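The block underneath contains the structure these notes are about, expressed in C-alpha cells.
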Amino acid sequence: MATKASDRAYATLREDIMEWRLAPGTVLQEVEQSERLGVSRTPVREALARLGADGLVATQRGRGLVVTTVSVESVTQLFDLRRVLEQESARLAARNRDRDVFVGLRDEFLHAAELLGDGDPAHERYYDLVARFDLAVDHATGNPYLVSTLRNLRPHLVRIRRVSRDDLERLRTAAEEHLLIVEAIVDGDAELAASATQVHLHRSLHSVLASAERLTSVREEEQ
C-alpha cells in the first residue's frame, strides 16, 4: 500500500514539475506536499528521493529540497545530448521500422494543423501525437540502452518545451519538421531521417532560447 502511495505521489509531483505547476525554485516540504496529495510523509519522502535521482529536485542550502532551475546553460547542454541520441534513433528507426506504423503517423502529421487549431491552449492532442511518434521511434530502434537514456532525458525536455508552448507559429513549423522525419523513416532513408532530426532540433533550440530570453526581459521590466 505504501509503495502504491509512493508511486502516486511521484507521478503527481513529476507531472506538476514538468507542467510548471511547481515552478523552478519551488520549495518542496514534506508536510505541505503530504497534505496537498492526501498521503503520509513517508510516500512523499520516497517520491522526492526518486525525483532527486531524476534531477528534477535538488537540495539547496538554506531552503531544503527545491525544484531544479531551467537555465540557458542547462537547455544547451540537454540539447547537445538530445542531438546525438535522437539523430541516431532516427537512423535506426529508418532501418528497422514497421512501415505501416509510420505511415499511420505520417497521415496524422499531415493533419497536425487541425490539432493545433482546436482551441486547446495546452495543445494536448498535438503533444499526444508527438509522444506516440517518440514511442514508435523508441520501439523501432531495437536498442534498449539508447531508449532508456532518452526516456530519462525526456522529463527535462518536457519542462523546456513549456517555455515556448504559446508560440503557435513555432508549433506549426515543428509539426512540418516532424512530418519530414516521419516521411524519411517511411522511405527507409536513414541519413535523411537523421538530417531532418538535426534541423528540427536546431530550430527547436533557437526557439526555446529566444522564448527564455523574452521571459527574462519581461520579468526584469516587471521588477
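Note that my numbering gives residue 134 to position 92 of the sequence shown, counting from 1, and the numbers run on in steps of one.
Every residue, glycine too, gets a C-beta built ideally from N, C-alpha and C.
Keep in mind that this is a model prediction, so the values were computed, not measured.
query: Mapping the DSSP letters down to three states, classify Q75 as helix, strand or coil.; result: helix
query: Kindly indicate which residue of R245, R124 and E88 has the alpha-carbon position closest to the one of L213.; result: R245
query: Would a C-beta distance cut-off of 8 Å place L199 and L120 closer than the cut-off?; result: yes
query: Can you name, in chain order, every residue of its own chain whose Cβ lies under 8 Å from the Cβ of Q265, other than the five neighbours on each side?; result: Residue confidence is low: Q265 scores 41 on pLDDT, short of 50, so the model does not pin down where it sits. Its coordinate-derived value is still stated next. So no residue of the chain qualifies.
query: From E61, I202, L55 and V143, pick the residue whose C-alpha is nearest to that of G94; which is it?; result: L55
query: Comparing C-alpha positions only, which one of T215, A254, V228 and A252 sits nearest to H242?; result: T215
query: Tell me which same chain residues have a C-beta within less than 7 Å of the C-beta of L188, skipping the five on either side of it?; result: L127, E130 and S131
query: Would the beta-carbon of E225 fall within 8 Å of that of R167?; result: no
query: Give the secondary structure of G146 by DSSP, where H, G and I count as helix, E and B as strand, and everything else as coil.; result: helix
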